[in-house]
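By this note's numbering, the letter at position 246 of the sequence shown is numbered 1094, and the numbering carries on one by one without gaps.
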Amino acid sequence: MSSYLLRGVRPLGGEPTDLLLADGRISEIGCGLSATGAHVVDADGLIALPGLVDLHTHLREPGREDAETVETGTQAAALGGFTAVHAMANTSPVADTAGVVEQVWRLGQQYGHADVRPVGAVTVGIAGEQLAELGAMADCPAGVRVFSDDGHCVSDAVLMRRALEYVKAFDGVIAQHAQEPRLTEGAQMNEGEMSAVLGLGGWPAVAEEAIIARDCLLAAHVGSRLHVCHVSTAGSVELIRWAKSKGWDVTAEVTPHHLLLTDELVASYDPIYKVNPPLRTAADVEALRAGLADGTIDAVATDHAPHPDEAKDCEWAAAAMGMLGLQTALSVVQQVMVDTGLMSWAEVADRMSTRPARIGRVDGHGRALEVGAPANVTLIDPSASWTVEPHALASKSRNTPYRTMTLPGTVYATFLRGNATVLDGKLA
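See the structure below:
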């Protein structure tokens, strides 16, 4: 195992110091450190964050290796500063058994670019009819603690209640894709002025908010943990704020694209902007930023959703929903939250590492940068910028909504338990 001496780095954007990473841990912190045989990294001007943790990643393997694999997805994760990702269950076959989640977990171990924590399906085949093998997935070597039918809502209230009750036995959490199916039949974009102008089926905010309200009440009733995926409306932020004021164990995430992009982009009819939930209004974006800044929204999660070219290079109605997100997430957060003064780098670490690790029960991640902590560290250059070129991304897919955009901040290095997965902006 190599050791690295990071000279002049600024932990959480604070005062410059040296960090020595050795034997998989942060072994020393202080000015003027030296270590025989250590790789010296000139980190002057770079900010150190605890390795980022993504609660919501689609790695597509098994079944859709044409879009992404565990190897390429975790390469993108490492280049984006992530040391752990949660792989969603809507694969083929669905990750609804111990065998499938263990396969995904072992692939993550094999490639070693980032820790992969599989998310188990709530229902068999994510069909919403009967509970999957939640206990078996929790007890297998993958140690699943997050369960979600993401892409589909657990719309049956009785089934949702049973799932919330079941996961209490092993401190699990149900991550809900909040979408009332009857209210979104045929929906193509956010319901509002733009959908009326464009003649596309509208997706009302209440379809998200009604499920969130119901599930907050259910979680409180049974005393369980609820996590709300990809919150996208101002009303949803208010509902989560209300649930937290009651002391209920409810957490929520927001995607980078919902913090930056609006439904006005759909006027181009470019399927790159087709996503689930849809891009919302500027007022929703403002509310989401405020909710993230004040801690109502706990985490930024990428919802990295790779698709092959043919799934996006088609007419709007036939296109798949989803966007890439792993390599651009931190830059988008810097642009809309840090550079605007809404959040500090310490708060970014909280929302993109500490809280996601706590929600997903990921041991060894999300820890403070202190002596003895696992050396899961990300170094970023906040003064640099880069232009997003789809073909230069590590993902097998190219469906990024940020193509040709210039974004602030670059990931200089990522360390997973003291091993460099990225160095000088390139895969190590």
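No residue lacks a Cβ here, since even glycine has one placed at the ideal position from N, Cα and C.
For this session: Work out the CA separation of Met1008 and Thr905 for me, nearest whole Å.
Result: Locating residue 905 in the sequence shown gives position 57, where the first residue counts as 1. Locating residue 1008 in the sequence shown gives position 160, where the first residue counts as 1. Taking the straight line from one Cα to the other gives about 22 angstroms.
For this session: Sort Pro966, Ala1216 and Glu1041 by Cα distance to Glu909 and report the nearest one.
Result: In the sequence shown, the residue the question calls residue 909 occupies position 61. With distances taken between Cα atoms, Glu909 lies closest to Pro966.
For this session: Can you tell me the Cβ-Cβ gap for Ala814 and Val1079, rounded? I've got them flagged as a contact below 8 angstroms.
Result: In the structure as shown, the chain starts at 849 and stops at 1276, and residue 814 therefore has no counterpart that could be examined.
Problem set entry | Simplified DSSP state of Ala1100, which is helix, strand or coil | As a first step, residue 1100 is located in the sequence shown; it is residue number 252 there, counting from the start. Residue state, collapsed to three classes: strand.
For this session: Say whether the stretch 1158-1177 touches the stretch 1070-1089, bearing in mind that this needs 3 or more beta-carbon pairs closer than 8 angstroms, one atom from each stretch.
Result: no
For this session: Go through its chain and collect everything with a Cβ distance to Ala1205's Cβ below 6 angstroms, but skip five positions before and after it.
Result: For the purposes of this step, residue 1205 is identified with residue 357 of the sequence shown, where counting begins at 1. Cβ within range, chain order: Val901, His1213 and Gly1214.
Exercise. Is it the case that the Cβ atoms of Ala915 and Ser1245 are separated by a distance below 8 angstroms?
Worked result: Residue numbering aside, residue 915 sits at position 67 when the sequence shown is read from its first letter. Residue numbering aside, residue 1245 sits at position 397 when the sequence shown is read from its first letter. Yes, Cβ-Cβ distance for Ala915 and Ser1245 is below 8 angstroms.
For this session: Run through the stretch 979-1009 for me and flag every whole alpha helix (DSSP H) of 4 or more residues, listed as ranges in chain order.
Result: 982-987
Problem set entry | Validate contact between the stretch 862-879 and the stretch 1135-1147 using beta carbons, cut 8 angstroms, 3 pairs | no
Exercise. Name the DSSP bridge partner or partners of Pro859?
Worked result: Working through the sequence shown from its first residue, we reach residue 859 at position 11. Ala896.
Problem set entry | Three-state secondary structure (DSSP) of Thr971 | If you number the sequence shown from 1, residue 971 lands on position 123. Correct three-state label for Thr971: strand.
Exercise. What is the DSSP secondary structure of Gly878, reduced to helix, strand or coil?
Worked result: Counting from 1 along the sequence shown, the entry for residue 878 is found at position 30. The answer is strand: DSSP assigns Gly878 an E or B state.
Problem set entry | Sequence-distant residues of its chain with Cβ nearer than 7 angstroms to Ala891 (five each side left out) | In the sequence shown, counting from the first residue as 1, residue 891 sits at position 43. Cβ within range, chain order: Leu854, Arg855, Gly856, Val857 and Leu1227.
Problem set entry | Straight-line Cα distance separating Gly899 from Ala1222 | Stepping through the sequence shown from its first residue, residue 1222 is reached at position 374. Stepping through the sequence shown from its first residue, residue 899 is reached at position 51. It should be noted that the sequence gives Pro, not Ala, for residue 1222. One C-alpha to the other measures close to 10 angstroms.
Problem set entry | Segment contact flag, the stretch 1256-1273 with the stretch 922-936, C-beta cutoff 8 angstroms, min 3 pairs | yes
Exercise. Going by beta carbon distance, what residues of the same chain come within less than 6 angstroms of Met1185, once the five residues before and after it are set aside?
Worked result: The sequence position of residue 1185 within the sequence shown is 337, counting from 1. Once the five neighbours on either side are set aside, the close Cβ partners of Met1185 are Met1191.
Exercise. Quick one: what does DSSP say Gln1175 is sitting in, helix, strand or coil?
Worked result: The sequence position of residue 1175 within the sequence shown is 327, counting from 1. In this structure, Gln1175 counts as coil in the three-state DSSP scheme.
Exercise. How would you write the range of the beta strand (DSSP E) that Pro1256 sits in, first residue to last?
Worked result: Position 408 of the sequence shown holds residue 1256. Note, Pro1256: beta strand (DSSP E), Thr1254 to Leu1264.
Exercise. If you draw a straight line from the alpha carbon of Gly1220 to that of Ala1232, how long is it in whole angstroms?
Worked result: Taking the first residue of the sequence shown as position 1, residue 1220 is located at position 372. Taking the first residue of the sequence shown as position 1, residue 1232 is located at position 384. Looking at the two C-alpha atoms, the distance is approximately 31 angstroms.
Problem set entry | Beta-carbon separation (whole angstroms), Pro1238 vs Thr1248, contact threshold 8 angstroms | As a first step, residue 1238 must be located in the sequence shown, where it is residue number 390. As a first step, residue 1248 must be located in the sequence shown, where it is residue number 400. Confirmed, Cβ separation roughly 5 angstroms.
For this session: Check each candidate in Leu1065, Phe1018 and Ala937 and name the one with the smallest Cα separation from Asp1151.
Result: Here residue 1151 refers to the residue found at position 303 when the sequence shown is read from its first residue. Of the candidates Leu1065, Phe1018 and Ala937, the one whose C-alpha sits nearest the C-alpha of Asp1151 is Ala937.
Exercise. When the Cα atoms are used, what is the spatial distance from Gly1208 to Ala1023?
Worked result: Along the sequence shown, read from residue 1 onward, the residue named residue 1208 stands at position 360. Along the sequence shown, read from residue 1 onward, the residue named residue 1023 stands at position 175. Taking the straight line joining both Cα atoms gives about 10 angstroms.
Exercise. Taking Cβ positions, are Asp1004 and Ala1082 nearer each other than 8 angstroms?
Worked result: The residue given as residue 1004 occupies position 156 in the sequence shown. The residue given as residue 1082 occupies position 234 in the sequence shown. Not in contact: Asp1004 and Ala1082 (Cβ atoms no closer than 8 angstroms).
Exercise. If His961 sits next to Thr1269, beta carbons under 8 angstroms apart, how far is it from one beta carbon to the other, in whole angstroms?
Worked result: What you label residue 961 is simply residue 113 of the sequence shown in a count that begins at 1. What you label residue 1269 is simply residue 421 of the sequence shown in a count that begins at 1. The Cβ separation is near 5 angstroms, so the contact holds.
For this session: Would you kindly check if the distance between the Cβ of Ser1243 and the Cβ of Pro1154 is under 8 angstroms?
Result: By 1-based counting over the sequence shown, the position of residue 1154 is 306. By 1-based counting over the sequence shown, the position of residue 1243 is 395. Going by C-beta atoms, Pro1154 is nearer than 8 angstroms to Ser1243.
Exercise. What number of angstroms, rounded off, separates the C-alpha of Thr1252 from the C-alpha of Val1236?
Worked result: The residue you call residue 1252 lines up with position 404 of the sequence shown. The residue you call residue 1236 lines up with position 388 of the sequence shown. Thr1252 and Val1236: Cα-Cα distance of roughly 5 angstroms.
Problem set entry | 8 angstroms Cβ shell around Ala946 - same chain, five flanking residues per side excluded | As a first step, residue 946 is located in the sequence shown; it is residue number 98 there, counting from the start. The residues are Glu981, Ala984, Met985, Asp987, Cys988 and Ala990.
Exercise. Using the beta-carbon count (16 or more within 10 Å), is Ser1320 buried or exposed?
Worked result: Limits of the chain in this structure are 849 at one end and 1276 at the other, which puts residue 1320 out of reach.
Problem set entry | Asp866: first and last residue of the uninterrupted beta strand (DSSP E) it sits in | Working through the sequence shown from its first residue, we reach residue 866 at position 18. That run of the beta strand (DSSP E) goes Thr865 to Ala870.
Exercise. Any idea what DSSP makes of Pro1154, helix, strand or coil?
Worked result: In the sequence shown, the residue the question calls residue 1154 occupies position 306. Here DSSP, grouped into helix, strand and coil, assigns Pro1154 to coil.
Exercise. If you compare alpha carbons, which of Leu1178, Met1200 and Gly1049 is closest to Pro1126?
Worked result: Along the sequence shown, one-based indexing puts residue 1126 at 278. The residue with the shortest Cα to Cα distance from Pro1126 is Gly1049.
Exercise. What separation, rounded to the nearest whole angstrom, lies between the Cα atoms of Val1123 and Gly878?
Worked result: Within the sequence shown, residue 1123 is the residue found at index 275, counting from 1. Within the sequence shown, residue 878 is the residue found at index 30, counting from 1. Rounded to whole angstroms, Val1123 to Gly878 spans 46 angstroms at the Cα level.
Exercise. What does a CB cutoff of less than 7 angstroms around Trp953 pick up in its chain, not counting 5 residues either side in sequence?
Worked result: Locating residue 953 in the sequence shown gives position 105, where the first residue counts as 1. Closer than 7 angstroms at Cβ, skipping near neighbours: Val964, Pro966, Pro989 and Ala990.
For this session: Determine the direct distance from the alpha carbon of Leu927 to that of Gly885, and round the result to whole angstroms.
Result: As a working mapping, residue 885 is identified with position 37 in the sequence shown. As a working mapping, residue 927 is identified with position 79 in the sequence shown. As the crow flies, the alpha-carbon of Gly885 is around 26 angstroms from that of Leu927.
For this session: Have a look at the DSSP bridge pairing and note the partners of Tyr852.
Result: As a working note, residue 852 is residue 4 in the sequence shown. According to DSSP, which records beta bridges pairwise, Tyr852 is partnered with Leu869 and His887.
Exercise. Below 8 angstroms between beta carbons: does that hold for Leu907 and Gly921?
Worked result: Stepping through the sequence shown from its first residue, residue 907 is reached at position 59. Stepping through the sequence shown from its first residue, residue 921 is reached at position 73. Their beta carbons are under 8 angstroms apart, which means Leu907 touches Gly921 by this criterion.
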